[in-house]
Structures are given as structure tokens and as C-alpha cells.
Amino acid sequence: EAQVTQNPRYLITVTGKKLTVTCSQNMNHEYMSWYRQDPGLGLRQIYYSMNVEVTDKGDVPEGYKVSRKEKRNFPLILESPSPNQTSLYFCASREFKEVSTDTQYFGPGTRLTVL
Amino acid sequence: ILNVEQSPQSLHVQEGDSTNFTCSFPSSNFYALHWYRWETAKSPEALFVMTLNGDEKKKGRISATLNTKEGYSYLYIKGSQPEDSATYLCALSDSWGKLQFGAGTQVVVTP
Chain A
117 EAQVTQNPRY LITVTGKKLT VTCSQNMNHE YMSWYRQDPG LGLRQIYYSM
167 NVEVTDKGDV PEGYKVSRKE KRNFPLILES PSPNQTSLYF CASREFKEVS
217 TDTQYFGPGT RLTVL
Chain B
91 ILNVEQSPQS LHVQEGDSTN FTCSFPSSNF YALHWYRWET AKSPEALFVM
141 TLNGDEKKKG RISATLNTKE GYSYLYIKGS QPEDSATYLC ALSDSWGKLQ
191 FGAGTQVVVT P
């Protein structure tokens, strides 16, 4: 089954404790993104990657890191989480052919709480 | 950054009634408009992708129109059913395919 998986689905942590949210897709997609969803705001892009070893900042990259060592995986790293990073996080992937019309596939989301 | 506004923020519909809601954008400086359906505790799923030639899309009881001159897209749900309850997201894509999302319209269909 074609899918994007994320782990963990729920995480409660404390300020300053480094964490990684994993993301994996099995559709051989070139393009992957991370978004955060906050109440009253649209999904906002944190980072994206157009291919292996190619990553770039989205609209809200501060406090986050990513890596793309393999095509299928795109982990999101919070080196020193703070309470303002409490949010719902989505990983997404798509092909990179018809760039403006490609369908984007989302993972199930990770609900992160930073105390 | 492309500006995307969705209205209303939420709406309640009686089962069997039809409804529609809006995605508006001040500028047509984008390449495609996407509609996604997001059910609680699930992943957003793509409904439609609309290009700038003003197509109309339909999937079952749900359809969408795009008017780039007036700066809006409508999503219509005909004969709403409880399973239509979800948040509907609109997004604009730029030339690189980066998506700019609106805040969504939450639809609640009551039996």
C-alpha cells in the first residue's frame, strides 16, 4: 500500500530534550516536506527536500533541522525543543514531474507537546 | 508568499442539505489550486487539483469551480452526509510546486 508513515504519532517531552520525528514513504517520491498545523492557521511548511542531499527552508524553519540521506526517509529533528513548538506535524511526499499539479500525500501526523 | 483565505471558518449543515464554501486569493500569481479533505485523526487527502484555465472538477457529490478573474474557488457538497464532516483545505501552488495553505473550513454534518 502506497503510504507515508511517521513515528511517533504522539509525543510529550520537556524543553531542551532533543527529539527526532521519523518520516518514510514507499512511493519513490523525490519531493518531501514537513508542515506544522496550529489552530486557526493553515499548514505551514517547515522544510522541504527535492531529492537526496537537497534540502531547503520553508516558511517556518527556525528551531528545526532535517536530513535526506535516502530517498524514502526525511526525519525532522528538534535539537532543543521549546513550548512554542507544541503542534501537530505532518510529513508529506509527492513526485516532482508536473510540479504545480502533483498530488501530495500526507502522513498520519505527529502530535507533539513540549512542556 | 501566496495569500489564501477560506470562509467560513466553520459551518454546520443538516444531513441532506447542500452547502458551499470559498477559497479566495487576491492575486492569480499561482500555478494551480488544490483542495484537500482532512478528517479528524487522519491525513489530509487530495480532492482536486485545478489549473488556471478555469476548470470545474467533480467527484461524486463534491464539485469545485475556479474563477481566477474574480479571485475565488468554490467547493460544493450536494446532499451532505455525515461522512462529509471534515475540514476542507485549499492550497495554491507556485511554479516549484510549493503549497500555500488556507486555514480551512470545518464542515459538520448533523443527522
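Residue numbers (the working numbering), protein chains in the order written: chain A, 117 to 231; chain B, 91 to 201.
For every residue, glycine included, the Cβ atom is placed at its ideal position computed from N, Cα and C.
Cβ-Cβ distance between residue i and residue j below 9 Å
i	j	result
Val-176(A)	Leu-192(A)	no
Leu-179(B)	Gly-187(B)	no
Ser-163(B)	Leu-123(B)	yes
Glu-105(B)	Thr-200(B)	yes
Tyr-147(A)	Gln-161(A)	no
Thr-226(A)	Phe-206(A)	yes
Asn-142(A)	Gln-122(A)	no
Ser-165(A)	Arg-184(A)	yes
Thr-112(B)	Ser-100(B)	no
Gln-153(A)	Ala-136(B)	no
Thr-155(B)	Thr-217(A)	no
Leu-92(B)	Phe-120(B)	yes
Lys-147(B)	Ser-153(B)	yes
Phe-212(A)	Pro-134(B)	no
Within chain B, the residues that residue i reaches when beta carbons sit closer than 9 Å
i	result
Gln-141(A)	Under the 9 Å cutoff, chain B gives no residues; its nearest Cβ is about 12 Å from Gln-141(A).
Gly-223(A)	Ser-133
Gln-232(A)	What the structure shows of chain A is the stretch from 117 to 231, and residue 232(A) is not part of that stretch, so it cannot be assessed.
Tyr-147(A)	Gly-187
Start-to-end residues for the beta strand (DSSP E) that takes in residue i
i	result
Gln-190(B)	189-191
Met-148(A)	147-153
Phe-206(A)	203-210
Val-170(A)	170-173
Phe-138(B)	135-141
Leu-157(A)	From DSSP, Leu-157(A) is part of no beta strand (DSSP E); its letter is neither H nor E.
Thr-219(A)	Per DSSP, Thr-219(A) belongs to no beta strand (DSSP E) and is neither H nor E.
Leu-165(B)	162-167
Val-178(B)	With the sequence shown as reference, residue 178(B) is identified as Tyr, and Val is not the correct amino acid for it. Start and end: 176-183.
Leu-156(B)	152-157
Val-94(B)	Val-94(B) -> no beta strand (DSSP E), and no H or E assigned at all.
Thr-200(B)	195-200
Phe-111(B)	109-114
Contact list for residue i against chain A, beta-carbon separation under 9 Å
i	result
Lys-148(B)	Result: empty, since nearest Cβ-Cβ is about 17 Å, beyond 9 Å.
Val-94(B)	Gly-158
Thr-112(B)	Within chain A, no residue comes near Thr-112(B); the closest Cβ sits about 15 Å away, beyond 9 Å.
Thr-141(B)	Ser-216, Thr-217
Chain-ordered neighbours of residue i on chain B, where CB pairs are closer than 7 Å
i	result
Phe-190(A)	Within 7 Å Cβ-Cβ: nothing; Phe-190(A) doesn't reach chain B, min ~15 Å.
Chain-ordered neighbours of residue i on chain A, where CB pairs are closer than 7 Å
i	result
Tyr-121(B)	Ser-216
Thr-130(B)	Within 7 Å Cβ-Cβ: nothing; Thr-130(B) doesn't reach chain A, min ~11 Å.
Ala-136(B)	Thr-219, Gln-220
Within chain B, the residues that residue i reaches when beta carbons sit closer than 8 Å
i	result
Leu-127(A)	Under the 8 Å cutoff, chain B gives no residues; its nearest Cβ is about 16 Å from Leu-127(A).
Thr-121(A)	Those within 8 Å of Thr-121(A) in chain B number zero; the least Cβ separation is about 10 Å.
Thr-226(A)	Within chain B, no residue comes near Thr-226(A); the closest Cβ sits about 11 Å away, beyond 8 Å.
Integer-rounded CB distance, given that residue j should sit under 8 Å from residue i
i	j	result
Pro-224(A)	Leu-135(A)	That belief does not hold up - the Cβ atoms of Pro-224(A) and Leu-135(A) are roughly 18 Å apart, past 8 Å.
Lys-168(B)	Arg-151(B)	4 Å
Gly-194(B)	Gly-158(A)	7 Å
Interface flag, residue i vs chain E, CB-CB below 9 Å
i	result
Arg-210(A)	In the structure shown, chain E does not exist; the protein chains are A and B.
Compile a chain-ordered list of the residues in the stretch 166-199 of chain B whose CB is closer than 8 Å to at least one CB of chain A. Leu-179, Ala-181, Ser-183, Asp-184, Ser-185, Trp-186, Gly-187, Lys-188, Leu-189, Gln-190, Phe-191, Gly-192, Ala-193, Gly-194
Relative to chain A, which residues along the stretch 96-110 of chain B have a C-beta separation below 7 Å, given in chain order? none
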